[in-house]
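So the protein lines, in turn, are chains A and B. Each residue of the first sequence is one higher than the last, beginning at 204 in the working numbering. Each residue of the second sequence is one higher than the last, beginning at 1408 in the working numbering.
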Amino acid sequence: MKLKLHVWRQAGPSARGQFVTYETDASEHMSFLEMLDVVNEDLEEKGEDPIVFDSDCREGICGTCGMVINGRPHGPWKRTTVCQLHMREYSDGDEIWIEPWRADGFPVQKDLMVDRAAFDRIVAAGGYISVRTGSAPDANAIPVVQVNAEKSMDAASCIGCGACVAACPNASAMLFTSAKAAHLNLLPQGQPERYGRVLDMILTMEAESFGTCTNHGACENACPKEIKIDVIAMLNRDYMKALLKAS
Amino acid sequence: MELRSKVPSGPIDQKWTKHKFDMKLVNPANKRKYHVIVVGSGLAGASASATLAELGYHVSCFTYHDSPRRAHSIAAQGGINAAKNYQGDGDSVFRLFYDTVKGGDFRAREANVYRLAEVSNEIIDQCVAQGIPFAREYGGLLDNRSFGGAQVSRTFYARGQTGQQLLLGAYQALMKEVHKGQVKLYNQCEMLDVVLVDGQARGIVTRHLVTGKIEVHLADAVALGTGGYSNAFYLSTNAMYCNVTAAWRAYRRGAGFANPCYTQIHPTCIPVAGDYQSKLTLMSESLRNDGRIWVSKQVDDDRAPGDIPEDQRDYYLERMYPAFGNLVPRDLASRRAKDMCDQGKGVGETKLGVYLDFEDAIQRLGADVIEARYGNLFEMYERITGEDPYRVPMRIYPAPHYTMGGLWVDYNLMTTVPGLYAIGEANFSDHGANRLGASALMQGVADGYFVLPYTIADYLAQAKLDPVAEDNQEVRGTVEEVESRIDRLLALDGDRTINSFHKELGRIVWDNCGMGRNATGLKEALEKIPVLRQEFWENAKVVGEGGSINQTLERAGRVADFLELAEVMCLDALVREESCGGHFREEHQTPEGEALRDDENFTHVTVWEYTGADTAPREHREPLEFENVPPTQRSYK
């Protein structure tokens, strides 16, 4: 199939970006990123700079890849990162617009690649359980209600790709932060640090350049791991309790 | 090169305990005076960084990813083994040790394997305390499953995302120490060389992938947790960025490289679809618990699977291995699939595939049970192939997945370079010639949480470590070598793209040093690889400049190193005149087509020493002794 691609090209964080149009011939069996690989291979053969985009595992688990395709983070398929999107979605003559995540919290590094280190800083603020290596009790000494273990696992499935931020009209990082907190706060092991964790993570999130949550729900819709906005409600409840406890 | 394994004396079950007591300690107040560099932030690297920092050492952790959480450990699906015996089905530390030594086809160091089995239980305790949401039974206790041919249920799992959850646990522990300032984290920073001063590893040279800046980082010891080299095959289940550069640069600085020919081909991957294919996708081995593997009895059968009647199907694993059936170890399942395709019985458009069929399981258990067990995998399969595995059997084919070979390390995980350690998949130590399912995660975290943090103290407490300045001659020399190599790569202005070289190399290695190897093919590969390498340096093309993000340049450096490694892989496969585990030499097989070991001549680790760019590497041997698990012919019949 013949396709027309409009790809965002931007030389660096402070450079001015623009859409550049490429034409390519793709097979329906290719993945979306393999289609871009072929475009890049052609560019390299011509001695031109290939399109910079980040991707690693290409199995939808590492969270490295991410781009906005025709206005949708990770493209049109539900529960799918862009590396798992396949070209049978498209047909001959289609035009495709490809952009990076757009958010102040994720400055563009080059073309489609953005800096998501802000997520690491949110985790560093409290997204962990403090347990020194070797000091843990026997694993079965801490029974966990099965339903809670499953809910915790649902939240822990977050791959940190940033699609939630890209989808949010406010570029808020609430779904990411809430998922991270919920994973730990739903478990008995996470209780001792629960409220301090919530305060520290929210404080850090606000200090980064993310917007605030106004309950649009666009994040849930874009999340390739289908993390529900219930976790945001949980974080908000915990935050209220944490503020009361802190005062 | 001297290979001293430093295995402690005494009975196998007391070696590690005794060793921990015998090793020198660094006084708590002195630990802050030492600086350790950890390269890689996967399971081994992140867990080592976090634990060393908790102990009080200053740690610098390097990753080429934009976040430490992206390392490829994250993609491991199935689970992690431990000898907890929570199921009361007769498991024990000794049984896990025994299974691992046997599964490795008697080519691993017994003492290391025993230690791995021993610390496996502590790993589960640690991970649960960190909040890893392992699967649980209704009573709230941990669930286990049987995995990869084990006859006990010892595998702990978090859905099909165990690697992800374990890595997030280690990553969180790491970020906690970053927050405290005990670990300095370097994202998007790739190690390009190791710095030796007076023969000791004292730092690394890195290139920042965003700014292109070349920098030197000095320390008292360096640990490489930089993963395996399956991408030498071009197509593998490894992530796109996985590479051998860190380990290979260490090799070129004097670290011995052990058993490079021991590579694991995973039997259940989605077959290759076309020439543009960038990587292969693994389908968890757990599928073999309920799926039945078959091909048509007829050669070149073009019928749709549903049109092939039951009596014309060959469930070849069940036929050949009645005791283990579809659950035979990975190497056997892979080789038999290749045999079927070689005989012209392969399925799918490319004829490089076999069926993995769930029809019987769905009839027996119901589609809902199968969905609960494998729903996410079925969905992934359908997304990639466009076929619905509830109705049409999956097509699978083996793919390179894991490398048992790696940097040689002693019992302390130190390479032949003093102060340079290798952990996780980057070292060669625990899996012998074949790794069992759910053992990679176990080894990665064992090395990082429970072994290296002890053993490194023994070195730091005794080594004479004078302060090193950045203008030291050896340091400057290494930096200059890195800079000139980058310049040389950037100057490449030929006709061929970097990817085309990688693809061609991959094809040579897959055809000649893949599932089946023979002297003729290996010798042919040994002629072709140097020619391809020479062409690379004459005719490759690297576009762009070095002062900003340049993914072509990054790939060029990695492919250049694969072009060197591949030759040593083939050489190693050629001199190992026997079949063992993942290394199958076609000349050495039983009349039934099984791997035929030669214990008399090959019960050793082969270790390669770099002797220069234009000279052959020197072969060394570390003899292996089996005092606790007497070698037998592996039999899964």
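Quick reminder that beta carbons are idealized off the backbone N, C-alpha and C, glycines included.
Item: Contact with chain A by Gln1880(B), beta-carbon distance below 7 Å; Value: no
Item: Nearest to Lys1587(B) (by Cα), restricted to the options Ala327(A), Tyr293(A), Gly274(A), Met408(A); Value: Ala327(A)
Item: The segment 1524–1538 of chain B / the segment 329–340 of chain A touching (three or more Cβ pairs under 8 Å); Value: yes
Item: Given Ala1959(B) as reference, the closest of Pro253(A), Gly220(A), Thr283(A), Asp318(A) once Cα atoms are compared; Value: Looking at the sequence itself, residue 1959(B) is Thr, so the reference to Ala does not match. The option with the nearest alpha carbon to Thr1959(B) is Pro253(A).
Item: Identity of the residue in Pro427(A), Leu387(A), His209(A), Glu429(A) nearest Asp441(A) by Cα; Value: Leu387(A)
Item: Proximity test, Cβ basis, 7 Å: Val1585(B) and chain A; Value: yes
Item: Short CB-CB distance (under 7 Å) between Thr227(A) and chain B; Value: no
Item: Cβ distance (whole Å) where Val1601(B) is taken to contact Leu1939(B) below 8 Å; Value: In fact, because the Cβ distance is near 26 Å, the residues do not count as touching under 8 Å.
Item: 7 Å CB neighbourhood of Trp211(A) in its chain, flanking five on each side removed; Value: Gly220, Phe222, Ile301, Glu302, Pro303, Asp314, Leu315
Item: Secondary structure of Phe2131(B), DSSP reduced to three states; Value: Residue 2131(B) is absent from the model: chain B starts at 1408 and stops at 2044.
Item: Within 7 Å, strictly: CB atoms of Met1801(B) and Tyr1788(B); Value: yes
Item: Inter-residue spacing [alpha-carbon to alpha-carbon] between Ser333(A) and Ile1539(B); Value: 13 Å
Item: Residues of the segment 1679–1712 of chain B with Cβ closer than 8 Å to any Cβ of chain A, in chain order; Value: Ala1680, Gly1681, Tyr1683, Gln1684, Ser1685, Lys1686, Thr1688, Leu1689
Item: Extent of the continuous beta strand (DSSP E) run through Glu312(A); Value: According to the sequence as given, residue 312(A) is Gln; it is not Glu. Taken as a continuous stretch (DSSP letters only), the beta strand (DSSP E) holding Gln312(A) covers 311–313.
Item: Any C-beta of chain A under 7 Å from that of Ile1956(B); Value: yes
Item: Interface positions of the segment 1432–1465 of chain B facing chain A (Cβ-Cβ less than 9 Å), listed along the chain; Value: Ser1454, Ala1457, Thr1458, Glu1461, Leu1462
Item: Chain-ordered chain A contacts of Met1727(B) [CB-CB under 9 Å]; Value: Residues of chain A passing the Cβ test: none, with the nearest at roughly 31 Å.
Item: 7 Å Cβ cut-off: residues of chain B touching Thr284(A); Value: Those within 7 Å of Thr284(A) in chain B number zero; the least Cβ separation is about 10 Å.
Item: Cβ contact (3+ pairs, closer than 8 Å) linking the segment 383–398 of chain A and the segment 350–361 of chain A; Value: yes
Item: Chain A contacts from the segment 1635–1665 of chain B (Cβ-Cβ distance under 7 Å); Value: Ala1646, Met1647, Tyr1648
Item: Length of the line joining the Cα atoms of Glu1584(B) and Leu447(A); Value: 28 Å
Item: Neighbourhood of Gly329(A) by C-beta distance below 6 Å, restricted to the same chain and skipping five residues each side; Value: Arg400, Asp403, Met404
Item: CB of Pro1678(B) within 7 Å of CB of Ser1741(B), strictly; Value: no
Item: Spatially closest choice to Tyr1471(B) from Phe1765(B), Val1816(B), Gly1632(B), Ala1980(B), by CA coordinates; Value: Gly1632(B)
Item: Chain B contact residues for Met356(A), given Cβ-Cβ distances below 9 Å; Value: Pro1540, Phe1541, Ala1542, Ala1565, Arg1566, Gln1568, Gln1572
Item: Coil, strand or helix - Gln1996(B) by DSSP; Value: strand
Item: Secondary structure of Leu1763(B), DSSP reduced to three states; Value: strand
Item: Assumed close pair Gln349(A), Tyr1545(B) - CB separation to whole angstroms, cut-off 8 Å; Value: 5 Å
Item: Contact set for Tyr1521(B): own chain, Cβ-Cβ below 6 Å, skip 5 residues either direction; Value: Ile1419, Phe1504
Item: Closer than 7 Å to chain A by CB, Ile1530(B); Value: no
Item: Within chain A, partners of Gly1793(B) - CB distance below 9 Å; Value: Glu231, His232, His289, Arg291
Item: Under the three-state DSSP convention, the category Cys1920(B) falls into; Value: helix
Item: Within 8 Å of chain B by C-beta, residues of the segment 257–282 of chain A in sequence order; Value: Asp257, Ser258, Asp259, Cys260, Arg261, Glu262, Gly263, Ile264, Cys265, Gly266, Thr267, Trp280, Arg282
Item: Per-residue burial, Arg1726(B) [other beta carbons within 10 Å of its own, 16 or more giving buried]; Value: exposed
Item: Within-7 Å CB hit, Ala339(A) to chain B; Value: yes
Item: Helix, strand or coil at Gln1930(B) [DSSP, three-state]; Value: According to the sequence as given, residue 1930(B) is Lys; it is not Gln. In the structure shown, Lys1930(B) sits in a helix (DSSP, three-state: H, G or I).
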